[in-house]
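**Student:**
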Amino acid sequence: MANNTYNDESITVLEGLEHVRKRPGMYIGSTDERGLHHLVWEIVDNAIDEALSGYGREITLTINHDNSITVSDQGRGVPCGMHSTGKNTMEVIYTKLNAGGKFGGNGYKTSGGLHGVGGSVVNALSSYMEVTSMRDGKIHKIRFEKGGSIIGKVEILGETRKTGTIVTFKPDPEVFSTTLYNYETIKTRLRESAFLIKNLKMILNDKRSGKSDTFIYENGISEYVTFLDTAKRPIHPVAYFEGSYESIEVEVALQFVDTYSETIVSFVNNVRTGDGGSHETGFKSALTRAFNDYGKKFNLLKRDMTLDGTDIRAGMTAVVSVRITENLLEFEGQTKGKLGTPLAKTAVDNVLYDKLSFYLIENKNLSETIIKKAIREAEAREEARKARNQARLEKKDKKEMNLSTKLAPTSEKNKEINELYLVEGDSAGGSAKQGRDRRYQAILPLRGKVLNTERASADAVLKNEEIATMIYTIGADFGSGFDLKKCNYKKIIIMTDADDDGAHIQVLLLTFFFRYMRPLIEDGRVYIACPPLFKITKRGKKEEIIYAWTNEEKEKILSKCNVQTIVQRYKGLGEMDATQLWETTMNPETRNLIQVKIDDLADAESEIDILMGNDATRRRDWLENHVSFTLEEE
Ligand code: 28F
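Mind the numbering: the sequence shown is residues 133 to 766 in the numbering used here, read in order.
#1: Keeping to the same chain, check which residues put their C-beta closer than 6 Å to that of Thr346; ignore five residues upstream and five downstream.
#2: Start and end of the alpha helix (DSSP H) containing Gly566?
#3: Name the two residues that bound the continuous beta strand (DSSP E) containing Arg671.
#4: Measuring alpha carbon to alpha carbon, tell me which of Ala363, Ala506, Ile353, Val224 ends up nearest Leu386.
#5: Can Asp481 be considered in contact with the ligand 28F, in the sense that its beta carbon sits closer than 6 Å to one or more heavy atoms?
#6: With a Cβ-Cβ cutoff of 7 Å, do Glu182 and Gly207 count as a contact?
#7: Can you tell me where the beta strand (DSSP E) with Met627 in it begins and where it stops?
#8: Under 8 Å, with one C-beta from each stretch per pair, do the stretch 590 to 603 and the stretch 555 to 565 reach the 3-pair mark?
#9: Give the DSSP-derived three-state secondary structure of Val389 in the structure shown.
#10: Which of helix, strand or coil does DSSP assign to His272?
#11: Between the Cα of Arg579 and the Cα atoms of Arg455, Ile599, Leu498, Glu556, which residue gives the shortest distance?
#12: Note the first and the last residue of the continuous beta strand (DSSP E) segment covering Val357.
#13: Tell me whether Ile606 counts as near the ligand 28F, meaning its Cβ is closer than 6 Å to at least one heavy atom of that ligand.
#14: Name the DSSP beta bridge partners of Thr297, please?
#15: Just how far apart, CA to CA, sit Ser499 and Val382?
#16: Using the C-alpha atoms, what's the distance from Leu665 back to Glu685?
#17: At the level of alpha carbons, what is the spacing between Gly239 and Glu458?
#18: Please name the residue or residues paired with Leu578 in a DSSP beta bridge.
#19: Check whether the Cβ atoms of Ser410 and Leu471 lie closer than 7 Å to each other.
#20: For Thr442, which of Ser417, Thr628, Asp390 has the nearest alpha-carbon?
#21: At 3 residues or longer, what runs of the beta strand (DSSP E) sit wholly inside the stretch 411 to 463?
#22: Would you tell me roughly how many angstroms separate the C-alpha atoms of Leu492 and Leu484, rounded to the nearest one?
#23: Short check: CB of Asn220 to CB of Val263, under 7 Å?
#24: With a threshold of 6 Å (Cβ to nearest heavy atom), would Pro651 be considered close to the ligand 28F?
#25: What is the rounded straight-line gap between the Cα of Leu161 and the Cα of Gly167?
#26: Looking at the structure shown, is Thr395 part of a helix, part of a strand, or coil, going by DSSP?
#27: Kindly confirm or deny that the stretch 308 to 316 and the stretch 168 to 179 touch, where touching means at least three C-beta pairs closer than 8 Å.
#28: When DSSP labels each residue in this structure, what does Lys729 get in the three-state scheme?
#29: Using C-beta distances below 6 Å, list every residue in its chain close to Arg365, excluding the 5 sequence neighbours before and after it, in chain order.
#30: Where DSSP assigns a beta bridge to Thr697, which residues make up the other side?
#31: Can you tell which of Asp569, Ile653, Cys693, Val695 has the C-alpha that lies nearest to the C-alpha of Asn719?
#32: What are the boundary residues of the beta strand (DSSP E) that Ala588 is part of?
#33: For Lys333, which of Lys319, Tyr349, Arg340, Ser341 has the nearest alpha-carbon?
#34: Does the ligand 28F have even one heavy atom less than 6 Å from the beta-carbon of Thr852?
#35: Excluding five sequence neighbours on each side, which residues of the same chain lie with their C-beta closer than 7 Å to the C-beta of Arg421?
#36: Assuming Lys622 contacts Arg657 under a Cβ cut-off of 8 Å, what Cβ separation, rounded to an integer in Å, is found between them?
Written out as structure tokens, the structure is:
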């Protein structure tokens, strides 16, 4: 029987919904695809709130054929008694802003949502919404249309012994630029919620495609770390720590692998903090202190030697999840992506330092391995820095960097327009050098495969000639020293053959830029050139040459040809002469460029290693799902 501790009076009635329709951005951030999905998060978070309060352990989300969404839970059922205003409480909850004790009142709400935005905002921005509440043995149903106008009265559909809430809503096309839901986006979020709340079952069905997924994890964030390290090689079982400090609950799971990238994913009240914040600061300080103290105590570190946190975290994956009551919640900046609450730093630092110190003593071999790896990383970085300073000091003649034999530089030094083409192979490099506009286009031919930097230490990365030449040519240093202002080029364009080898080189270069020059991608400076796949020669009175970039384009051109044609499928850039390469792939007036933007850095962060695995199909899936290949508007 539903617990009736709740009474209808705790609903505080504020203003109506017309304000929401006028300025939706104020409530859901935007009315593009991101805002569209915020509607889903709000309803799902209400169901999660109910589960966190101890009612119901299963939430189901269905994407319907018409792109409406149905979410159902097994909670107590939304209250549907009589409200003092004379209306049914269900009507009040979904037609009045901030109606609901848990938002305006005692601040016990520690789960997600846009804090203060409720189901009523979703209603306001939907062309219709239906809410069914199973409670007190009956099925109560209410329907709204056109942004929240009630249709008829609350109906009793029948009897039931079950309890719970079902909400169906259809986003209003008059409000949103797109009303097309993205399965991957919703899947990622539901999976994340299941990782964060042990034993909560999240079910996702897509009626449009027939796809479905179910997520339930009895070991919560420990399984999240295992998931993030899917394509990596762990060197120990996931370590899990939990505790509380004053009113803040802390959970940490971490694991070291045999490569060098660092991944930290953090949450407050089950909502992602993509820009980190005080809880991550506390995590890093506890980790660094615990390893350094252990190193000194067991003579792995000389008295005066201190390990840098970056070196310790090379090869570490961690999930940090804290729960803070509403009254203590503070964020930095507007986006709520960065936690401010100072007490969260102290809480995570205190909980983790004690428990991790104990864990390190319990796992001596592992502790030693990690500390020795960190020492090697520190030394390698130091060597690399000395080598670079040395080179700079000696003003190493470019020849020694054999740049001159490689790089064809621009004749003008204009960082605002200059472009650097990274070209696969010497023959294509030759044609590119001939065909280019030397005023602002530089060419750097790459011989063979670029180093797989995902699996290489900083030391090995620097020793690789291709990589070192690129770092020197781009001129903005790399890693933590990277400075976008020093970058010599406005565009870095990867030009490879349109085959698997070319795709692999693209991915290796993208991995390098993502790992060591990420601001280049964030600033939208990395592009992929699109050489044509077909050359169609029309034999007529005068010979005409037309290029096609896809099979469909080629077929379309051929269908319009009424003269004899010869079709050549390009197998590589080297088959084009300099003029053709310029015309089809390098001339800003006629070329197509793909600008590389990684949709969700954090997700890419955790999955970019899939790119480096040996499973090419997973690599292609990842690229299709995560890298938006938008044709650059010239
Ligand atoms: C599919 C989305 O929205 N589930 C919800 C409840 C349960 C209660 C409730 C909701 C409390 C004071 C606002 C019932 N009985 N799933 C959902 N389940 N809201 S939303 O109460 C209304 C809030 O104001 C509920 C006793 N206490 C709370």
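Here a beta-carbon is modelled for each residue, glycine too, at the ideal position from N, C-alpha and C.
**Tutor:** Answer, in terms of the structure:
#1: Reading the sequence shown from its first residue, position 214 is the one you call residue 346. So the list reads Ile335, once near-sequence residues are dropped.
#2: Counting from 1 along the sequence shown, the entry for residue 566 is found at position 434. According to the sequence shown, residue 566 is Gln rather than Gly. 558 to 567 is the span of the alpha helix (DSSP H), which, as asked, contains Gln566.
#3: Stepping through the sequence shown from its first residue, residue 671 is reached at position 539. Unbroken beta strand (DSSP E) run through Arg671: 666 to 671.
#4: Here the question's residue 386 lines up with position 254 in the sequence shown. Leu386 has its Cα closest to that of Ile353, out of Ala363, Ala506, Ile353, Val224.
#5: By one-based count along the sequence shown, residue 481 stands at place 349. The answer is no for Asp481.
#6: The residue labelled residue 182 in the question sits at position 50 within the sequence shown. The residue labelled residue 207 in the question sits at position 75 within the sequence shown. Against a cut-off of 7 Å, the Cβ pair of Gly207 and Glu182 comes out as a contact.
#7: Counted from its first residue, the sequence shown places residue 627 at position 495. Note, Met627: beta strand (DSSP E), 623 to 627.
#8: Not touching, per the Cβ criterion.
#9: Start at 1 with the first residue of the sequence shown, and residue 389 comes out as number 257. Note: Val389 maps to strand in three-state DSSP.
#10: Within the sequence shown, residue 272 is the residue found at index 140, counting from 1. DSSP places His272 within a strand segment (E or B) once states are collapsed to three.
#11: Position 447 of the sequence shown, counting from 1, holds the residue named residue 579. Of the listed residues, the one whose Cα sits closest to Arg579 is Glu556.
#12: Reading the sequence shown from its first residue, position 225 is the one you call residue 357. No beta strand (DSSP E) contains Val357, which is instead part of the alpha helix (DSSP H) from 352 to 360.
#13: As a working note, residue 606 is residue 474 in the sequence shown. Result no, Cβ not under 6 Å from the ligand 28F.
#14: Along the sequence shown, read from residue 1 onward, the residue named residue 297 stands at position 165. The secondary-structure analysis by DSSP pairs Thr297 across a beta bridge with Ser265.
#15: Sequence index remark: in the sequence shown, residue 499 carries index 367 (1-based). Sequence index remark: in the sequence shown, residue 382 carries index 250 (1-based). So the alpha carbons of these two residues sit roughly 23 Å apart.
#16: In the sequence shown, residue 685 corresponds to position 553, counting from 1. In the sequence shown, residue 665 corresponds to position 533, counting from 1. So the two alpha carbons sit approximately 10 Å from each other.
#17: Counted from its first residue, the sequence shown places residue 239 at position 107. Counted from its first residue, the sequence shown places residue 458 at position 326. Here the model assigns Gly239 a pLDDT of 40, short of 50, so the residue's position is not dependable and the matter cannot be decided.
#18: Numbered from 1 along the sequence shown, position 446 holds the residue referred to as residue 578. DSSP lists Glu556 as partners of Leu578.
#19: As a first step, residue 410 is located in the sequence shown; it is residue number 278 there, counting from the start. As a first step, residue 471 is located in the sequence shown; it is residue number 339 there, counting from the start. The answer is yes: Cβ separation under 7 Å.
#20: Along the sequence shown, one-based indexing puts residue 442 at 310. Of the candidates Ser417, Thr628, Asp390, Ser417 places its Cα closest to the Cα of Thr442.
#21: The qualifying runs are 448 to 455.
#22: On the sequence shown, residue 492 is found 360 positions in, with the first residue counted as 1. On the sequence shown, residue 484 is found 352 positions in, with the first residue counted as 1. Between Leu492 and Leu484, the C-alpha separation is close to 12 Å.
#23: Taking the first residue of the sequence shown as 1, we reach residue 220 at position 88. Taking the first residue of the sequence shown as 1, we reach residue 263 at position 131. Here Asn220 is not near Val263, since their CB atoms are 7 Å or more apart.
#24: Your numbering for residue 651 matches position 519 in the sequence shown. False, no ligand heavy atom lies under 6 Å from that Cβ.
#25: For the purposes of this step, residue 161 is taken as the residue at position 29 of the sequence shown. For the purposes of this step, residue 167 is taken as the residue at position 35 of the sequence shown. The amino acid occupying residue 161 in the given sequence is Gly; Leu does not appear at that position. Straight-line Cα distance between these residues: approximately 6 Å.
#26: Residue 395 sits at position 263 when you count from the first residue of the sequence shown. Here Thr395 sits in strand by DSSP.
#27: yes
#28: In the sequence shown, residue 729 corresponds to position 597, counting from 1. Correct three-state label for Lys729: strand.
#29: Taking the sequence shown and counting its residues from 1, the one referred to as residue 365 is at position 233. So the qualifying residues of the chain are Val389, Asp390.
#30: Counted from its first residue, the sequence shown places residue 697 at position 565. Lys670.
#31: Here residue 719 is taken as the residue at index 587 of the sequence shown, counted from 1. Checked all of Asp569, Ile653, Cys693, Val695; the closest Cα to Asn719 is Asp569.
#32: The residue given as residue 588 occupies position 456 in the sequence shown. Careful: Ala588 lies outside any beta strand (DSSP E) and carries neither H nor E.
#33: On the sequence shown, residue 333 is found 201 positions in, with the first residue counted as 1. Out of Lys319, Tyr349, Arg340, Ser341, Tyr349 has the C-alpha closest to the C-alpha of Lys333.
#34: As displayed, the chain neither begins before 133 nor continues past 766, which places residue 852 out of reach and without an answer.
#35: Stepping through the sequence shown from its first residue, residue 421 is reached at position 289. The residues are Tyr485.
#36: Position 490 of the sequence shown, counted from the first residue, corresponds to residue 622. Position 525 of the sequence shown, counted from the first residue, corresponds to residue 657. Going by Cβ atoms, the distance from Lys622 to Arg657 rounds to 6 Å, so yes, they are a contact pair.
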